[in-house]
Amino acid sequence: MKSLKIILAATAMLAVSFAFAQENKELVFNSTSAAMNKEIPAYVVLPDSYASDKSARYPVIYLLHGFGGDYKTWAKHTKPNLQQLASLFNVIFVCPEGARSWYWDSPVDPSLRYETYIANELIPQIDKNFRTISDRKARAITGFSMGGHGALWLAIRHQDLFGACGSLSGGVDIRPFPYNWDMAKSLGEKWDNQKNWDDHTVMTQLDKIRPGQLQIAIDCGTGDFFYEVNEKLHRELLYRNIPHDYTVRPGAHNHPYWNNAIDFQTLFFSKFFASQAAKK
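For the sequence shown, my numbering begins at 61 and goes up steadily by one.
Below you can see the structure in the form of structure tokens.
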């Protein structure tokens, strides 16, 4: 009887903990990755109305962190008032853990399958556990630095999942940087694995963009070491007649720049969400 009481008490505590997590505006959500055989955390930020309006469903913006960061970087360092931004635009932000993966499925390290994780595993689990609008018309993705590359990479390759995408100071062409940011660990040394490097950069994926399928916003500061590759991407998109917003302004590769830039991209995504909702 005593054991039964303990079990019932523990069950009640779990129920209370889950209810608290559901009501909380910022929480850590652990999802299961079968592809990598582990649990992976994501930081989820909910708008104020999420707790009060139980019937409402929300668009989702996925925010990818840069190299050396983690799933808490966006909310704790880049945009400490991220929850206010979520409330202003009535969206859910999901900040996944991306380790140092560049958000690929590595062709040389089978333990790194972050493209599969986000596209095939995380998104369905987010849609199952939160009141999202589970449609590409209400789903966007962006990120800074490594995350900017990852956001465009994922959106272009999974246009069935994302209707809009962005990049902030993104490493959108990795090939000029063969010795940086652990990319050789995921792709092999460039000189011996040129095809891997060519096949795993945003610049070589542009032919996959279907006309009118993706709303794209790119932002980079003129003092950023990724400025030239962003200029190159912009010119290539123009050459291919692919519509996109391109913002260039004074700024460097740092959190203050991204703190400001995410406001504009959230507005960009929200206008996209509204335009799609108006078509119903």
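Using N, Cα and C, we set each Cβ at its ideal position, and we do this for glycine too.
Between the C-alpha atoms of Phe329 and His313 there is a straight-line separation of about 22 Å.
In this structure Val232 is buried. Its beta-carbon is surrounded by 16 or more other beta-carbon atoms within 10 angstroms.
The closest CA to that of Pro271, considering only Asp284, Arg295, Arg300, is found on Arg300.
Per DSSP, the beta bridge partners of Gly281 are Arg309.
Per the DSSP secondary-structure output, Gly203 pairs in a beta bridge with Leu124. For Val105, the closest of Lys98, Met206, Leu123, Val289 by C-alpha to C-alpha distance is Leu123.
DSSP, reduced to helix, strand and coil, places Tyr103 within a strand of the structure shown.
Here the alpha carbons of Gly311 and Asp284 stand approximately 7 Å from one another.
The straight-line gap separating the alpha-carbon atoms of Ile178 and Thr282 is approximately 31 Å. About 32 Å separates the beta carbon of Arg191 from that of Gln265, a gap too long to meet the 8 Å contact definition. Going by DSSP, Thr326 is part of the alpha helix (DSSP H) stretching over 315-338.
Counting only residues of its own chain and dropping the five nearest sequence neighbours on each side, Thr133 has a CB closer than 7 Å to the CB of His125. By the CB criterion at 7 Å, Trp257 and Arg235 fall inside the cutoff. Contact between Ala277 and Asp305 holds: their C-beta atoms lie close to 4 Å from each other, under 8 Å.
Taking 8 Å as the upper bound for CB-CB distance, Leu212 and Arg196 are not in contact here, some 15 Å apart. Residue range 287-299 is occupied by the alpha helix (DSSP H) that includes Glu291. Between Asp259 and Ala111, the alpha-carbon positions lie close to 44 Å from each other.
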